[in-house]
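**Q** Under my numbering, the first residue of the sequence shown is numbered 13, with each subsequent residue one higher.
Ideal Cβ positions, reconstructed from N, Cα and C, are used throughout, including at glycine.
My questions will all concern the structure given below.
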Amino acid sequence: MVNFVNLIRNEWMKLMQRKSTWIMSIILIIAVFSIFGVLKWDYSHREESVGPNTTEQRLQQQINTYEAQKSEADPSSLDYKYAVEQIELAQYRLDEGLAPAEVGSFWHVMNTSANFFSLIVLFVIIVASGILAHEFQKGTIKLLAIRPATRTKLLYSKYVTVLLFSVAIALLLLVSSLVASLIYFPYDSYTHLTWNGESVSEWPAIFWILQSYLYAMVNVVVMGTIAFVIGALFRSSGLAIGITMFFSFATLPVMMMLRKYEWAKYILFSHVEFSMHLSQPFVDVTPLFSLMVILMYLVIFHALMYTSFKKRDIAV
């Protein structure tokens, strides 16, 4: 175990010594402060153009909108269930006097920071695709092969490093977003609500943000794993980046075409965008079902990668 931890520490140090790692971190920070600055400018001008409208009026308008959607949807459809959820949440806020997150407020903007995970996915794909493939391309895999560590430890020390980088870059996004939001936007009191199909529950606002980040991390881990596996199988970082990015961009259009089929819920594409469970999923499944399907595919990917890495000559 100590040997495995040392391997991870060594991989982490090598990753931190790369200029690309720091460049990606700086790009993320600049992107957060720049986009939040643009949002500040946009929201300030939007407030001037929008007439007076009370919280109660906005909530009632929301209820009316989803009532109309509910009346037109099939009771068994996802659209119907989503409309019911939004009606219940809006009605609860009206009854309890709980204001929604105001557009341009601290918590509203903090929640939009989860959109930056598309950038994080790209960074993780770049790191995951090259962390092993570059060892083969540069010939340094020979130096790793002569160490008193099993191939399994060598392989998974790099994979764990990718996961640690994913968590680290997500934490950097969270901290950057917190600082930028405090600078640009007014802090507001907000209570997050969830609907379990029967009743409404109240949660602290930070739960809203952490839940968004946690759900978005599922996509990061899946795409990072796919890039790592392809890089290990074909020893090409370029191929791994290309194929994984194709998977990432193809997810939405593919599921828009296949969502009407029952068997679509067994396709990985249906679940990698795990954040959909915070709004409206592609298919009518629970978060637990999505996690089980994702886990099944990850086990298959790891089995292919492990078998290939164990059998192939890594010293050439």
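CB A276 to CB V295, shorter than 7 Å?
**A** yes
**Q** Given S61, which residues of its chain have a CB within under 6 Å of its CB, disregarding the five upstream and five downstream residues?
**A** Residue confidence is low: S61 scores 46 on pLDDT, short of 50, so the model does not pin down where it sits. Its coordinate-derived value is still stated next. Within the same chain, no Cβ atom closer than 6 Å to the Cβ of S61 is found once the five residues on either side in sequence are excluded.
**Q** State yes or no: is the C-beta of L71 within less than 7 Å of the C-beta of R105?
**A** yes
**Q** With a threshold of 16 other CB atoms inside 10 Å of the CB of M267, please say whether the residue is buried or exposed.
**A** buried
**Q** Ignore the nearest five residues each way along the sequence and tell me which others in I99's own chain have a CB closer than 6 Å to its CB.
**A** I75 and Y78
**Q** Which value, in whole angstroms, describes the spacing of the CA atoms of P64 and I218?
**A** Below a pLDDT of 50, predicted positions are generally treated as unreliable, and P64, at 48, falls in that range; the measurement from the model is reported next regardless. Here the alpha carbons of I218 and P64 stand approximately 29 Å from one another.
**Q** For P265, name the three-state secondary structure that DSSP assigns.
**A** helix
**Q** Where do the N-terminal and C-terminal ends of the beta strand (DSSP E) with E214 fall, by residue?
**A** V212 to P216
**Q** Helix or strand or just coil, what does DSSP make of T203?
**A** strand
**Q** Check whether the region 131–140 touches the region 172–179, counting contact only when three or more Cβ pairs, one atom from each stretch, lie closer than 8 Å.
**A** Taking a contact to require three or more Cβ pairs closer than 8 Å, the region 131–140 and the region 172–179 qualify as touching.
**Q** For H146, name the three-state secondary structure that DSSP assigns.
**A** In the three-state reduction of the DSSP assignment, H146 falls in the helix class.
**Q** Do you know how far the Cα of K26 is from the Cα of D107?
**A** Near 56 Å, if we compare the C-alpha coordinates of K26 and D107.
**Q** For A85, which three-state DSSP category applies?
**A** Note: A85 maps to coil in three-state DSSP.
**Q** Between K165, R21 and N22, which has its C-alpha nearest F321's C-alpha?
**A** The shortest C-alpha separation from F321 is found at K165.
**Q** If you reduce the DSSP assignment to three classes, tell me which class H314 lands in.
**A** helix
**Q** How many whole angstroms separate the CB atoms of D91 and Q81, which I take to be in contact at a CB cut-off of 8 Å?
**A** 6 Å
**Q** Run the CB neighbour count on V328, radius 10 Å, all protein chains shown included, and call it buried at 16 or more, exposed below.
**A** Reliability of the predicted coordinates at V328 is poor, the pLDDT of 47 falling under 50, and the value obtained from them is presented with this limitation in mind. Counting Cβ neighbours within 10 Å, V328 comes out exposed, since fewer than 16 surround it.
**Q** According to DSSP, simplified to helix, strand and coil, what is V297?
**A** V297: coil per DSSP, three-state reduction.
**Q** Using three-state DSSP, classify N231 as helix, strand or coil.
**A** helix
**Q** The ligand FAD and V50: does any heavy atom of the ligand fall closer than 6 Å to the residue's C-beta?
**A** Although the ligand FAD was asked about, the structure shown includes no ligands whatsoever.
**Q** Need the endpoints of the alpha helix (DSSP H) that F177 sits in, please.
**A** R163 to Y196
**Q** Since T237 and F301 should fall inside the 8 Å C-beta cutoff, what is the C-beta to C-beta distance between them, to a whole number of angstroms?
**A** That pair is no contact at about 19 Å.
**Q** According to the neighbour-count rule (16 or more other Cβ atoms, all chains shown, within 10 Å of its Cβ), is I39 buried or exposed?
**A** exposed
**Q** Is the distance from the Cβ of Y202 to the Cβ of A113 below 7 Å?
**A** yes
**Q** Suppose you measure from the CA of L144 to the CA of M36; what does that come to, to the nearest Å?
**A** Those two C-alpha atoms are separated by around 19 Å.
**Q** Within 10 angstroms of the Cβ of N123, are there 16 or more other Cβ atoms? Answer buried if so, exposed if not.
**A** The residue is buried, with at least 16 neighbouring Cβ atoms inside 10 Å.
**Q** Applying the criterion that 16 or more other CB atoms from any shown protein chain within 10 Å of the CB defines a buried residue, is Y225 buried or exposed?
**A** buried
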